[in-house]
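The structure appears below as structure tokens.
Protein chains: 2
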Amino acid sequence: MPRNAFYAQSGGVTAVINASAAGVIETARRHPDKIGKLLAGRNGIIGALTEDLIDTSQEPAEAIAALRHTPSGAFGSCRYKLKGFDKNMAEYQRLIEVFKAHDIGYFFYNGGGDSADTCLKVSQLGEKLGYPIQAIHVPKTVDNDLPITDTCPGFGSVAKYVAVSIREAGFDVASMAKTSTKVFILEVMGRHAGWIAAAGGLAAEKEGDSPHIILFPEIKFDEAAFLARVDHCVKRYGYCAVVASEGLHNAAGEFMSEAGTKDAFGHAQLGGLAPLLAGLVKDKLKYKYHWAVADYLQRAARHIAAKTDVDQAYAVGKAAVELAVAGKSGLMATIVRHADAPYAWSVGEAPLDQVANVEKKMPRDFITADGFHITEACRRYLSPLIQGEDYPPYRNGLPQYVELRNAPVVKKLAPFELGKV
Amino acid sequence: MPRNAFYAQSGGVTAVINASAAGVIETARRHPDKIGKLLAGRNGIIGALTEDLIDTSQEPAEAIAALRHTPSGAFGSCRYKLKGFDKNMAEYQRLIEVFKAHDIGYFFYNGGGDSADTCLKVSQLGEKLGYPIQAIHVPKTVDNDLPITDTCPGFGSVAKYVAVSIREAGFDVASMAKTSTKVFILEVMGRHAGWIAAAGGLAAEKEGDSPHIILFPEIKFDEAAFLARVDHCVKRYGYCAVVASEGLHNAAGEFMSEAGTKDAFGHAQLGGLAPLLAGLVKDKLKYKYHWAVADYLQRAARHIAAKTDVDQAYAVGKAAVELAVAGKSGLMATIVRHADAPYAWSVGEAPLDQVANVEKKMPRDFITADGFHITEACRRYLSPLIQGEDYPPYRNGLPQYVELRNAPVVKKLAPFELGKV
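So the sequence lines, in the order shown, correspond to chains C and Y. Here the working numbering is used: position 235 in the first sequence is 235, and no number is missing along the way. Here the working numbering is used: position 62 in the second sequence is 62, and no number is missing along the way.
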């Protein structure tokens, strides 16, 4: 007797998280013997808690297929972390109520490290609270900071965006430097791990190529060394292009720039590092500068997504369903690397208790000794992840992204007050 | 007896100015009876003044063809404006010296309004200083502010970048808005004219689409009206996406944000409007926000260039040479629109004295009555300009842009001290 499945998107969305959704939904539709309807949570896990469910069976096949080339979270995402069982029993009991009411026997959660932790707890509902459910995590995070998996879907496309952008901006500045801008600073995402900033380094294929300097969260910012390097690059190459991670720390271990607000997970919300660094360059070196902050543009840039990333995002969605119908639970679908060049990979699995709340930082040997660029080992790791183009369809000069109908499932339960949103 | 030609790039570079260069060079090579070598100025007109010339005949045909898909200025550009004859005779006499020494009879100048003025003055060297030369201007500016021509090559690709980016970011914010970011602000270029910001409006094809608000330099910023509109959008659509022109003015007519430095033409260098507006939203409306500043990324984004723009950039370069070999001078090659949909255009010509130092602003009827969006008339004008994709070739996941050899021409004259760089 088939049971229904629940799918939700969590945390910051990406250019390819909907490709994972397509992988989950299309694969679930191929297993009608095991899986009935696939119900999506509107705005992530909040949709489960508030019984705000979307009936994906009402979406035509073409709409689901179009998710593969549509950025963002088609069902809405959220930043909402379930606390431990001991601290938050009411929410787990509510989940079980909702799951029972809608006969949900499969739980697919598409997110990063915090979400892996939630998924792990849901997988334990059988043992702890007597409601057996198969919970499989679908990895997603532009930060690339999940352990075990070779990479996290969403990262490769940001990586490609950043590498392409700093190459293009580098060409621009190189041609202006004689009489105008000599220093360009691009601020990119990466709260604690420098993977995204590192990816910018792929654009530099020979000496003198942009970017000349990469600033990583893993390396404490040294103002004097930075300024000396900028000056050196301007004198040697005529200009200096910098990729700076938003998570750059000072010598005291504090974020160089904080917006002063925190997100729902209690993480500091960053931004505005690029103008800060540019001001430093102007004050101390007197060079004319420009700066850019890519912010959401980088993670939403489906127009320049990496084909490898799109394929992997779809594959982990598909694998999650296949693991569940094979009777497994408490796992994350992973990417396993078999070879660097040409890149060979397959889908694997990892126990969620080895994934949840573990943050994968850049290995020190991926960063050059001076702390300002990436090593050959890092290139070998990163380069495959940005391979291939996978352009969306265009109409009237604009990419055609799908908006689903998102038909609500009729509620069966009394309303539920969220503890904290 | 063929004479040599001079070509230079001026002002801010674009994603397609090199496509114009390809049009000039490839067409010049097809007229060996009239044009000998095509010499490019290294770093624009400064290359002419300092006799720093590049022999483009040493570049293989494939390298010149690759310019068509390479952003930035392959020979270097500059921000350097020649003053009037009365104020700056030494520089004009120097130009003639260099032109004579290298037998230059054709002058092709690829730039915006300031450059059109320089090109006009060069076209008058015969009449004023007895050195006949045929000077043709090749239009280029992301600002789209040159008169007469239907559009300026460089603009269509920025327009496409901005429209694509705000659509993608809008999808992102829409999926995060329930528990996280509700307001997103993208700052785009456009010092005095709102064409680039307006192009963002093309992404909004139906009510509720991103962007919800566009802030134009042509409309004085009204804080209360802006905040009320942001609040309205968040309440009605769940989120609010804003495209803001860097050139936004306050009620007193001052730039909302000034970096405090000026470029070589004396224009204020702007930047940092987005964080300013975001701070306003946070303080007054308490909404969670994100902001991006695209800066050079937008004008260098050859990876998402509009095919229409690339074709037009090449066409005006080609036409400039054809006008010159037909014996004309003192003209700018223009784009002439024959129909909106489907877009039909051809190349025309305009006298430079009607072009130089005239700035084309947005007509008021291209902006909605409330000042926050574009009208149907504006859409009819803008939409054709972003049509078509023209992807560069990729290798290892990165666009393959060409770097020319830029072999120097042997100098024949004594050095020349620039008046001011």
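C-beta: ideal position from N, C-alpha, C; glycine also. All of these numbers come straight from a predicted model, not from anything done at the bench.
Compute the Euclidean distance between the alpha carbons of residue i and residue j, then round it to the nearest angstrom.
| i | j | result |
| --- | --- | --- |
| C:THR141 | Y:GLY419 | 54 Å |
| C:GLY111 | C:TYR80 | 11 Å |
| Y:LYS235 | C:THR14 | 25 Å |
| Y:SER77 | C:LYS178 | 8 Å |
| C:LEU65 | C:ALA22 | Going by the sequence as given, residue 65 of chain C is Ala instead of Leu. Roughly 6 Å separates the two Cα atoms. |
| Y:ALA61 | Y:ALA19 | 14 Å |
| C:THR50 | C:LYS412 | 11 Å |
| Y:PHE6 | Y:HIS102 | 9 Å |
| C:GLY194 | C:ALA159 | 11 Å |
| C:GLY253 | C:PHE221 | 9 Å |
| Y:PHE416 | C:SER175 | 22 Å |
| C:SER180 | Y:ARG299 | 16 Å |
| C:LEU146 | Y:ALA315 | 50 Å |
| C:ILE17 | C:PRO71 | 7 Å |
| C:ALA356 | C:TYR109 | 13 Å |
| Y:ALA36 | Y:GLU349 | This sequence places Gly at residue 36 of chain Y; Ala is not what is there. Straight-line Cα distance between these residues: approximately 24 Å. |
| C:LEU186 | Y:LYS288 | 23 Å |
| Y:ALA278 | Y:ARG94 | 50 Å |
| Y:SER115 | Y:ALA313 | 16 Å |
Under three-state DSSP, which class holds residue i?
| i | result |
| --- | --- |
| Y:ASP340 | coil |
| C:HIS249 | strand |
| C:SER57 | helix |
| C:MET89 | helix |
| C:LEU276 | helix |
| C:VAL142 | coil |
| C:LEU39 | strand |
| Y:TYR296 | helix |
| Y:ALA369 | coil |
| C:GLY112 | coil |
| Y:GLU205 | coil |
| Y:ALA241 | strand |
| C:VAL410 | coil |
| C:LEU82 | coil |
| Y:LYS262 | Its pLDDT being 48, under 50, Y:LYS262 is placed unreliably by the model, and the measurement read from it follows with that caveat. Correct three-state label for Y:LYS262: strand. |
| Y:HIS426 | One cannot answer for residue 426 of chain Y here, as it falls past the ends of chain Y, which runs 1 to 421. |
| Y:GLN134 | strand |
| C:VAL13 | coil |
| Y:TYR314 | helix |
Which two residues bound the contiguous alpha helix (DSSP H) that contains residue i?
| i | result |
| --- | --- |
| Y:PHE171 | 155 to 176 |
| C:ASP196 | It is Ile, not Asp, that sits at residue 196 of chain C in the sequence shown. From DSSP, the alpha helix (DSSP H) with C:ILE196 extends over 195 to 200. |
| C:HIS232 | 223 to 237 |
| C:ILE382 | Position check: residue 382 of chain C holds Leu in this sequence, whereas Ile was assumed. Taken as a continuous stretch (DSSP letters only), the alpha helix (DSSP H) holding C:LEU382 covers 376 to 382. |
| Y:ILE45 | 45 to 49 |
Counting only C-beta atoms, is residue i closer than 8 Å to chain Y at any point?
| i | result |
| --- | --- |
| C:CYS78 | yes |
| C:LYS160 | yes |
| C:ALA198 | no |
| C:HIS212 | no |
| C:PRO415 | no |
| C:ARG299 | yes |
| C:ARG167 | yes |
| C:GLY388 | yes |
| C:SER175 | yes |
| C:GLY111 | no |
| C:THR151 | no |
| C:GLY201 | no |
| C:ASP370 | no |
Taking 8 Å as the CB-CB cut-off, is residue i touching chain C?
| i | result |
| --- | --- |
| Y:HIS290 | yes |
| Y:ALA19 | no |
| Y:HIS249 | no |
| Y:VAL293 | yes |
| Y:PRO393 | no |
| Y:PHE108 | no |
| Y:ILE304 | yes |
| Y:ASN396 | yes |
What first and last residue would you give for the beta strand (DSSP E) that runs through residue i?
| i | result |
| --- | --- |
| C:HIS290 | 289 to 293 |
| C:GLU26 | From DSSP, C:GLU26 is part of no beta strand (DSSP E) but of the alpha helix (DSSP H) over 17 to 29. |
| C:GLN9 | 3 to 9 |
Counting contacts by CB-CB distance shorter than 8 Å, is residue i in contact with chain A?
| i | result |
| --- | --- |
| C:PRO275 | The displayed structure is made up of protein chains C and Y, and chain A is not among them. |
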